[in-house]
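The structure appears below as structure tokens.
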Amino acid sequence: MAVEAIPLQPTEEIGVVRPYALTGGRTRANYHLELETLISTRAAALLAVPEQIELQVIMEECRTPQSVAEIASRLRVPLGVARVLISDAADAGLVTVHRTVSGDESAEAHLTLMERVLSGLRRL
Numbered sequence: 139m140a141v142e143a144i145p146l147q148p149t150e151e152i153g154v155v156r157p158y159a160l161t162g163g164r165t166r167a168n169y170h171l172e173l174e175t176l177i178s179t180r181a182a183a184l185l186a187v188p189e190q191i192e193l194q195v196i197m198e199e200c201r202t203p204q205s206v207a208e209i210a211s212r213l214r215v216p217l218g219v220a221r222v223l224i225s226d227a228a229d230a231g232l233v234t235v236h237r238t239v240s241g242d243e244s245a246e247a248h249l250t251l252m253e254r255v256l257s258g259l260r261r262l
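Under my numbering, think of the first position of the sequence shown as 139, with each following residue one higher.
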């Protein structure tokens with residue numbers, strides 16, 4: 139049985155902004171942000187209202203910790219763009235970038251991380 143693709147019809151006309159226009163063409167973040175790195179809104183920044191709408195969205199979404207991958211998905215931007223925007227928010231003191239286990243850590247730390255991931259997947 140063949141499945142036919144159905145073209146998506148936008149319900150309203152929206153302007154198209156190239157993703158890297160949001161970062162001023164920058165492609166590098168000031169922080170090392172892995173896909174699983176958790177980001178949370180700083181309590182002291184809850185009253186701040188940044189001018190850039192994407193930073194506002196990041197702050198709203200990260201009231202509960204979110205991963206870099208989740209933020210990129212919610213913003214509907216490429217991962218590289220999300221990393222730069224998150225880095226901008228962190229530089230402005232709006233969000234906290236939580237420490238992630240890196241390749242320099244011990245094998246035990248990696249095993250612990252993998253066990254947490256597996257446990258989370260089982261709960262789904």
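By construction, the Cβ of each residue, glycine as well, lies at the ideal position given by its N, Cα and C atoms.
Which residues mark the beginning and the end of the alpha helix (DSSP H) in which residue i is found?
i	result
VAL187	Note, VAL187: premise wrong, no alpha helix (DSSP H); not H, not E.
VAL215	Per DSSP, VAL215 belongs to no alpha helix (DSSP H) and is neither H nor E.
Using only the alpha-carbon positions, how far apart do residue i and residue j sit?
i	j	result
LEU232	SER257	30 Å
LEU249	ASP229	31 Å
PRO178	MET197	Note that residue 178 is Ser in the sequence shown here, rather than Pro. Their backbone Cα atoms lie some 8 Å apart in a straight line.
GLN204	ARG156	24 Å
ALA181	ARG166	26 Å
PRO216	ILE191	16 Å
LEU185	ARG214	25 Å
LEU259	ALA183	32 Å
Tell me which residues share the same chain as residue i and place their Cβ nearer than 8 Å to its Cβ, disregarding the 5 neighbours each side in the sequence.
i	result
VAL187	GLN194
THR149	The predicted position of THR149 is uncertain, since its pLDDT is 49 and thus under 50; a value taken from the coordinates is nonetheless stated next. Within the same chain, THR149 has no close Cβ partners at all.
ALA159	none
Should residue i go down as buried or exposed, given a rule of 16 or more other Cβ atoms within 10 Å for buried?
i	result
ARG221	buried
LEU262	exposed
ALA210	buried
Using a Cβ-Cβ cutoff of less than 6 Å, which residues in the same chain neighbour residue i once the five nearest sequence positions on both sides are dropped?
i	result
THR175	VAL206, THR238
ASP226	none
ARG212	GLU199
Keeping to the same chain, check which residues put their C-beta closer than 7 Å to that of residue i; ignore five residues upstream and five downstream.
i	result
THR161	VAL219, VAL222, LEU223
ARG201	THR179
TYR169	SER225, ALA228, VAL235
List the endpoints of the continuous beta strand (DSSP E) containing residue i.
i	result
THR263	Since the first residue of the chain shown is 139 and the last is 262, residue 263 is not available in this structure.
THR161	THR161 -> no beta strand (DSSP E), and no H or E assigned at all.
THR238	It is not in any beta strand (DSSP E) - THR238 carries neither H nor E in the DSSP assignment.
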